[in-house]
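Quick notes on the structure that follows.
Protein chains: 2
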Amino acid sequence: MPNDQTSDLGAFEGLSPEEVRTILSGTSTVRLAPGDLLFLQGDPADRFFLLKQGWLKVTQVTADGQKLIVRIVHPGEFFGFAPALQRDEYPGSCEAIVDSVALVWPRNRWKAVLGAAPSVTLSIVQAIGRKLDEAHVRLREMTTEEAARRVANLLLRLWSEAGESALDTDGGIELPYPLTRQDIADMSGNTLHTVSRIMAAWETQGVLGRGRRKVVIADLDALKQLAGFDD
Amino acid sequence: MPNDQTSDLGAFEGLSPEEVRTILSGTSTVRLAPGDLLFLQGDPADRFFLLKQGWLKVTQVTADGQKLIVRIVHPGEFFGFAPALQRDEYPGSCEAIVDSVALVWPRNRWKAVLGAAPSVTLSIVQAIGRKLDEAHVRLREMTTEEAARRVANLLLRLWSEAGESALDTDGGIELPYPLTRQDIADMSGNTLHTVSRIMAAWETQGVLGRGRRKVVIADLDALKQLAGFDD
DNA sequence: CGCTTGCTTGAAGACAGTCAAACTCTGTGG
DNA sequence: CCACAGAGTTTGACTGTCTTCAAGCAAGCG
Numbered sequence: 015m016p017n018d019q020t021s022d023l024g025a026f027e028g029l030s031p032e033e034v035r036t037i038l039s040g041t042s043t044v045r046l047a048p049g050d051l052l053f054l055q056g057d058p059a060d061r062f063f064l065l066k067q068g069w070l071k072v073t074q075v076t077a078d079g080q081k082l083i084v085r086i087v088h089p090g091e092f093f094g095f096a097p098a099l100q101r102d103e104y105p106g107s108c109e110a111i112v113d114s115v116a117l118v119w120p121r122n123r124w125k126a127v128l129g130a131a132p133s134v135t136l137s138i139v140q141a142i143g144r145k146l147d148e149a150h151v152r153l154r155e156m157t158t159e160e161a162a163r164r165v166a167n168l169l170l171r172l173w174s175e176a177g178e179s180a181l182d183t184d185g186g187i188e189l190p191y192p193l194t195r196q197d198i199a200d201m202s203g204n205t206l207h208t209v210s211r212i213m214a215a216w217e218t219q220g221v222l223g224r225g226r227r228k229v230v231i232a233d234l235d236a237l238k239q240l241a242g243f244d245d
Numbered sequence: 015m016p017n018d019q020t021s022d023l024g025a026f027e028g029l030s031p032e033e034v035r036t037i038l039s040g041t042s043t044v045r046l047a048p049g050d051l052l053f054l055q056g057d058p059a060d061r062f063f064l065l066k067q068g069w070l071k072v073t074q075v076t077a078d079g080q081k082l083i084v085r086i087v088h089p090g091e092f093f094g095f096a097p098a099l100q101r102d103e104y105p106g107s108c109e110a111i112v113d114s115v116a117l118v119w120p121r122n123r124w125k126a127v128l129g130a131a132p133s134v135t136l137s138i139v140q141a142i143g144r145k146l147d148e149a150h151v152r153l154r155e156m157t158t159e160e161a162a163r164r165v166a167n168l169l170l171r172l173w174s175e176a177g178e179s180a181l182d183t184d185g186g187i188e189l190p191y192p193l194t195r196q197d198i199a200d201m202s203g204n205t206l207h208t209v210s211r212i213m214a215a216w217e218t219q220g221v222l223g224r225g226r227r228k229v230v231i232a233d234l235d236a237l238k239q240l241a242g243f244d245d
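Here the protein sequences line up with chains A and B, keeping their order.
Using our numbering, you'd call the opening residue of the first sequence number 15 and step up by one each time.
Using our numbering, you'd call the opening residue of the second sequence number 15 and step up by one each time.
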């Protein structure tokens, strides 16, 4: 099972102190408490970020209030890089799930960061590309798989992304950040109710552990089975 | 075959002849007839491409045969850049819709192309980033909007991507490449039947024109209305 | 002219969304 | 320390949209 460590902090490894200085020049740091909003959909995209600590969620809302969680941001990942795409506004909102710390660049530093060193360029492109790849996989799932499988796939993906930070508890593997059923619904393209039904069923089957605002995978293999053995 | 046409590819604008030479070194050209497969899902990802002429579709297939058209590749776009993401295999298949011509790089040239000039880097990152953005929008649509809206949005997106190459016919605006209802279904996450019903209805309403394997937008504003642009 | 490919249409059934309500934790304040 | 508020979750009944199954039609090509 690939623990795709998208650690872009790793990208800064092997760089000369000077290069690192170039990259970090002009940055500041932001601290966020759970529920804090870093930027909102439609805000002027004048900054971009790298998450140092914690977990964030990036959401998009439709005109009629429907919500979708686009991604969970893990430590070491760039996010809010709309400025890099010549966008004036952020296409989504960003909210802290837990206490978090992020590095902040002003928009105009993007070019310099990207060009600081070939290895940085390469790694950023790879990171974005991998996101694209993942988005396509999700896209396929959303449209072809049915509700339960989408949830199973989602949980597996979250587990895989969490990598080493997933907690080993007595009941099984627990995701290192809290998620409500509503969150899971917004990520898997379901309603809260459907998700609740699905997960309740899996709890009684022993695939998942019980818990409010948390996800515990009790039987990983069973979950993979439910996801349709591709992953 | 000489590569003298590549000068009008947007990505290479404003580069010195020398930079262009660097980028193009080691490339070859492929010609494809409609239906030709350039690479298949699971093939070793040893090449990446830029489309010079024509239109291609990139598809992903699930284990059980469900298909999704991930994207339509337009002239001037990079595609099949799995090698750039350190992937061993292509995550999807690529098929020519019409007669097409593509530029081919061997996998190991990626680093050199990316680093050839800052403007190239920037433009590649922007292109991939925009794709990611678009994928997220699609993701949201797929999960929140209903079938008819998804189709409307898809058609609008295709029209917008086609840009100047969209044909102005007597009946309205026609997409410059043929698409079956099945294709549209595979792009919008529906069944052929649902799409057929939806489009047939729109034809009688005068929003779309009739035609096999082609899409004609007769009333653009009406289509936007149907897509849910209430702003 | 017949066959393949693309498209349309009808009917039935299922999955998941909506509406509605009750239950259970958790933290807070009296 | 208990009651209460509120968020989070579960569950049931009903409904609607889309899929599935099934059939037939239309157009292009050899």
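Even for Gly, the Cβ is constructed at its ideal location relative to N, Cα and C.
Exposure label - residue i; buried when at least 16 CB within 10 Å
i: residue 74 of chain B; result: buried
i: residue 226 of chain B; result: exposed
i: residue 51 of chain A; result: exposed
i: residue 224 of chain B; result: exposed
i: residue 246 of chain B; result: What the structure shows of chain B is the stretch from 15 to 245, and residue 246 of chain B is not part of that stretch, so it cannot be assessed.
i: residue 45 of chain A; result: exposed
i: residue 243 of chain B; result: exposed
i: residue 197 of chain B; result: buried
i: residue 164 of chain B; result: buried
i: residue 186 of chain A; result: buried
i: residue 32 of chain A; result: exposed
i: residue 195 of chain B; result: buried
i: residue 241 of chain A; result: buried
i: residue 158 of chain A; result: buried
i: residue 166 of chain B; result: buried
i: residue 12 of chain A; result: For residue 12 of chain A there is no data in the structure shown, the boundaries of chain A being 15 and 245.
Proximity below 8 Å, CB of residue i to CB of residue j
i: residue 231 of chain A; j: residue 169 of chain A; result: yes
i: residue 180 of chain B; j: residue 188 of chain B; result: yes
i: residue 48 of chain B; j: residue 113 of chain B; result: yes
i: residue 28 of chain A; j: residue 98 of chain B; result: no
i: residue 41 of chain A; j: residue 118 of chain A; result: yes
i: residue 68 of chain A; j: residue 132 of chain B; result: no
i: residue 65 of chain A; j: residue 90 of chain A; result: yes
i: residue 93 of chain A; j: residue 72 of chain A; result: yes
i: residue 103 of chain B; j: residue 56 of chain B; result: yes
i: residue 235 of chain B; j: residue 220 of chain B; result: no
Closer than 7 Å: residue i CB and nearest the ligand HEM heavy atom
i: residue 213 of chain B; result: As presented, the structure is devoid of all ligands, the ligand HEM included, so that no description of it is given.
Short CB-CB distance (under 8 Å) between residue i and chain B
i: residue 80 of chain A; result: yes
i: residue 149 of chain A; result: yes
i: residue 145 of chain A; result: yes
i: residue 98 of chain A; result: yes
i: residue 66 of chain A; result: no
i: residue 53 of chain A; result: no
i: residue 34 of chain A; result: no
i: residue 163 of chain A; result: no
i: residue 139 of chain A; result: yes
i: residue 136 of chain A; result: yes
i: residue 87 of chain A; result: no
Straight-line Cα distance separating residue j from residue i
i: residue 154 of chain A; j: residue 162 of chain A; result: 15 Å
i: residue 202 of chain A; j: residue 149 of chain B; result: 15 Å
i: residue 70 of chain A; j: residue 160 of chain A; result: 27 Å
i: residue 84 of chain A; j: residue 138 of chain A; result: 19 Å
i: residue 43 of chain A; j: residue 115 of chain A; result: 7 Å
i: residue 59 of chain A; j: residue 152 of chain B; result: 21 Å
i: residue 156 of chain A; j: residue 62 of chain A; result: 29 Å
i: residue 259 of chain A; j: residue 141 of chain B; result: Past the boundaries of the shown model lies residue 259 of chain A; chain A is included only from 15 to 245, so the question cannot be answered.
i: residue 123 of chain B; j: residue 177 of chain A; result: 31 Å
i: residue 207 of chain B; j: residue 38 of chain A; result: 55 Å
i: residue 175 of chain B; j: residue 87 of chain B; result: 10 Å
i: residue 172 of chain B; j: residue 228 of chain B; result: 12 Å
i: residue 125 of chain B; j: residue 191 of chain A; result: 36 Å
Closer than 8 Å to chain A by CB, residue i
i: residue 70 of chain B; result: no
i: residue 77 of chain B; result: yes
i: residue 203 of chain B; result: yes
i: residue 125 of chain B; result: yes
i: residue 186 of chain B; result: no
i: residue 213 of chain B; result: no
i: residue 198 of chain B; result: no
i: residue 128 of chain B; result: yes
i: residue 245 of chain B; result: Unreliable placement is indicated for residue 245 of chain B, whose pLDDT of 43 sits below 50; the coordinate value is still reported in the next sentence. Chain A, which has a Cβ nearer than 8 Å to the Cβ of residue 245 of chain B, makes this yes.
List, from N- to C-terminal side, the alpha helix (DSSP H) runs of 4 residues or more that fit wholly inside the segment 191-242 of chain A. Correct list: 195-202, 206-219, 234-241.
Segments assigned alpha helix (DSSP H), at least 4 residues, entirely inside the segment 113-183 of chain B: 124-129, 132-158, 161-176
Could you tell me which whole beta strand (DSSP E) segments of length 3 or greater appear in the segment 34-101 of chain A? 42-46, 51-53, 61-67, 70-75, 81-87
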